[in-house]
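Read through the structure below, which is laid out as structure tokens, and then see the notes.
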Amino acid sequence: MDAIAVRNLSYAYEDRNVLENLTFNIKEGQITSILGPNGAGKTTLFLNLVGILRGRGIIKLFGRDIREYDRRELSKTINMVFQNPDDQLFMPTVFDDIAFGLINLGYDDVEKRVERILKKFEIEHLRDRYPHHLSFGEKKKVAIASVVSMNPRILLLDEPTANLDPVSREELIKIIKDLNRDGMTIVIATHDTELALKSDRVMILNRKIIKEGTPKEIFSDLTLLKENGLDAPQIVKLFIKLGLEIPTDEEEAVKIIKSYLNIGPTSSKPCL
Amino acid sequence: MKHHLIDRYYYLDSFIHKLDPRAKLIGILILVFSIVLLKNVFASMLALIVSLTLLLISRLPLRFAFEQLKYGLIFLLALFVIMMIFGHKPLEMLLRAMSALILLFVAFATSRFDVSIKALDRIGFPNKLTQILMFSYRYIFVFAEEYEKLSIALRMKSFERKTNIFTFDTIAKIIASLFIRSYERAENVYRAMVLKGYKGNPGMLSDFRLTLRDFLFIAISLYLAISFHVISWMQ
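Protein sequence lines correspond, in order, to chains A and B. Numbering-wise (UniProt numbering), the first sequence opens with residue 1 and increments by one. Numbering-wise (UniProt numbering), the second sequence opens with residue 1 and increments by one.
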């Protein structure tokens, strides 16, 4: 089933077109990455999908038009984590911030739910901390936890790995994978091609949908990426140069290399 | 970057710290309202003594208290001088204002600020006011960090503050830039709130429990508040 179905979506800020006639589908339970240069319209698309901005065209979530949802229903169906966690953590403490959405959505067992989400994200120690006392990585984690606590069926992440140190980045990728394993449909707007490589589908957006496909299909077209201000991950470029199949993670890369070294033609074997 | 404001010593272990934040605010607000209505120097002097006694009971470091109160006190002293020049009798005003300032400081310095906001909300303070306080406390540090970053960027470009047009022009531009950022941030924060189902009420949970100590504090505050006026009337 399609979690998101968009038909002819256009949006303009005053007289500047940001989104032009977008049409695409996102399947339920998938991780989809939307790649695009700065100003490509990724955040604007997200704000349209969550119903904050209203462009021309049709957006359907699980087969139902977004205009038929009330705000509470919409927040439980689709929600968004902003690029800057300071925009999203507006309550005085981490606990209050996670509780805020739950209280507004009318849950009775707010405290229990908050404790559960703190445990799930391994941030129990941050429970009573002020957001301005957190590191950027911690803020990002809390911002995601505060949205995930509302248990939306679709989660939109705007540049989730931007400005994170390698450890925080890996932690975040693990969280995204775990959420997806639990059945959440995830859409990521990113410049991080390494992250996009790990998703099920990739879309290139540059005001229009330029191309859509599996990570392998998208990243094998280096010219298209360059034309749209993007670049393939180093590992992909290396494998393309070697004339090998593109791996999506380190394990697959090792398998391909091992199999290549064992059965590949010795005469053209590159020096690895 | 770690910032602390008025609640740096919220964790101390004093009688005032142990009070339920709601009882503390009710008791202190009763005293403040009573004190600002006094019209007698002697009673105002007694009020100041009570305020200082509460400050001592709270065990807050006096140096910290002075640091936090100094700008308020400077303002009051300036007002005192101006009123003297214009032939008023400002001693009463000075004593009352100082007492009120110290009392409010004790109230807010002995609990975490977020807890004080929740307590204000629970004792029936206007919702809009508690929301403004809540957001101010959250974002004042974000703006302070942004200002700090801009100041560092200026120093990196060899900018030196002088009393010339260039300095004023540069600082004005920084403030303008902060305003624009604040406006953009406000828009994003509002969007984030709407996405979390916000409809005008700040959803806050609190776990307050009143004990005998709290009722006793409110009763003593009430007794003192009335006593000040009886003394004032007897004088």
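Just so it is clear, CB atoms sit at the ideal spot from N, CA and C, and this is done for glycine as well.
Note down, in chain order, each residue of its chain lying with its Cβ closer than 6 Å to the Cβ of residue i, except the 5 sequence neighbours on either side.
i, result
"B:L60", "Y9 and A109"
"B:Y71", "none"
"A:E28", "M1, A3 and T185"
"A:R153", "T77"
"B:S99", "I35, A47, L48 and S51"
"A:E60", "It is worth fixing the name first, because residue 60 of chain A is Lys in this sequence and not Glu. Closer than 6 Å at the Cβ level, and outside the excluded window around A:K60, lie A5."
"B:I117", "T130, L133 and M134"
"A:R207", "E20 and G41"
Thinking residue i and residue j are a contact (beta carbons under 8 Å), I'd like their distance in whole angstroms, please.
i, j, result
"A:I117", "A:A145", "5 Å"
"residue 281 of chain A", "A:I240", "Because residue 281 of chain A is not part of the residues shown, which for chain A are 1 to 272, the question remains open."
"A:P92", "B:M134", "6 Å"
"A:P233", "A:T193", "5 Å"
"A:L179", "A:I188", "That pair is no contact at about 11 Å."
"A:A99", "B:G203", "6 Å"
"B:S44", "B:L38", "5 Å"
"A:D158", "B:N188", "With 8 Å as the limit, A:D158 and B:N188 do not qualify as a contact, their Cβ atoms being about 11 Å apart."
"B:E146", "B:R181", "6 Å"
Taking DSSP as the reference, what is the three-state secondary structure of residue i?
i, result
"A:A99", "helix"
"A:D158", "strand"
"A:E8", "The question names Glu, but residue 8 of chain A is Asn in the sequence shown. Reduced to three states, the DSSP call for A:N8 is strand."
"B:D121", "helix"
"A:A232", "coil"
"A:V2", "Reading the sequence as shown, one finds Asp at residue 2 of chain A and not Val. Strand, per DSSP."
"B:P21", "helix"
"B:Y9", "coil"
"A:N163", "coil"
"A:K241", "helix"
"B:G27", "helix"
"B:L76", "helix"
"B:M93", "helix"
"A:K226", "helix"
"B:L38", "coil"
"A:D221", "coil"
"A:L272", "Because the pLDDT of A:L272 is 43, which lies under 50, any placement of that residue in the model is unreliable, and the number read from its coordinates should be weighed accordingly. Here A:L272 sits in coil by DSSP."
"B:Q235", "coil"
"A:S267", "With a pLDDT of only 41 at A:S267, under 50, the local geometry of the prediction cannot be trusted, and the value read off the model is given with reservation. Helix at A:S267."
Could you pull out every residue in the same chain whose Cβ sits closer than 8 Å to the Cβ of residue i, ignoring the five residues on either side in sequence?
i, result
"B:L69", "L101, I102 and F105"
"A:N8", "N21, L22, T23, R56, G57 and I58"
"B:R122", "R22, S206 and F208"
Can you list, in chain order, the residues of its chain whose CB lies under 7 Å from that of residue i, leaving out five sequence neighbours each side?
i, result
"A:L105", "R72, S75, K76 and M150"
"A:Q30", "T185, D200 and R201"
"A:F95", "V114, R127 and D128"
"A:I218", "V202, I204 and K211"
"A:D231", "T193 and L225"
Closer than 9 Å between beta carbons: that is the criterion. Which residues of the stretch 103-114 of chain A meet it against chain B? I103, N104, L105, G106, V110, E111 and V114
Could you tell me which whole alpha helix (DSSP H) segments of length 4 or greater appear in the stretch 11-88 of chain A? 42-49, 71-77 and 85-88
May I have a chain-ordered list of the alpha helix (DSSP H) segments no shorter than 4 residues that lie completely inside the stretch 93-154 of chain A? 94-104, 110-120 and 136-148
Run through the stretch 168-218 of chain A for me and flag every whole beta strand (DSSP E) of 3 or more residues, listed as ranges in chain order. Within the stretch 168-218 of chain A, the runs of beta strand (DSSP E) that reach at least 3 residues and sit entirely inside it are, in chain order, 185-190, 201-206 and 208-213.
Check distances from the C-beta atoms of the stretch 166-190 of chain A to those of chain B and list, in chain order, the residues that come in under 8 Å. Those residues of the stretch 166-190 of chain A that come within reach of chain B (Cβ to Cβ, closer than 8 Å) do not exist; the list is empty.
Residues from the stretch 181-196 of chain B in contact with chain A, defined by Cβ distance under 7 Å: R185, N188, V189, R191, A192, M193, V194, L195 and K196
Going along the chain, which residues of the stretch 37-53 of chain A sit with their C-beta nearer than 8 Å to a C-beta in chain B? L47, V50 and I52
Going along the chain, which residues of the stretch 60-87 of chain A sit with their C-beta nearer than 8 Å to a C-beta in chain B? R71, R72, S75, N79, M80, F82, N84, D86 and D87
Would you list, in chain order, the members of the stretch 212-227 of chain A that have their beta-carbon closer than 9 Å to a beta-carbon of chain B? none
Under 7 Å (Cβ pairs) to chain B, residues found in the stretch 119-130 of chain A: Within the stretch 119-130 of chain A, no residue qualifies.
Quick one: which residues of the stretch 129-151 of chain B get their C-beta closer than 7 Å to a C-beta of chain A? List them in chain order. M134, F135, Y137, R138, F141 and V142
Which full runs of the alpha helix (DSSP H) of 4+ residues lie inside the stretch 133-215 of chain B, going along the chain? Fully enclosed alpha helix (DSSP H) runs of no fewer than 4 residues occupy 165-195 of the stretch 133-215 of chain B, in order along the chain.
Chain A contacts from the stretch 113-129 of chain B (Cβ-Cβ distance under 8 Å): F113, D114 and I117
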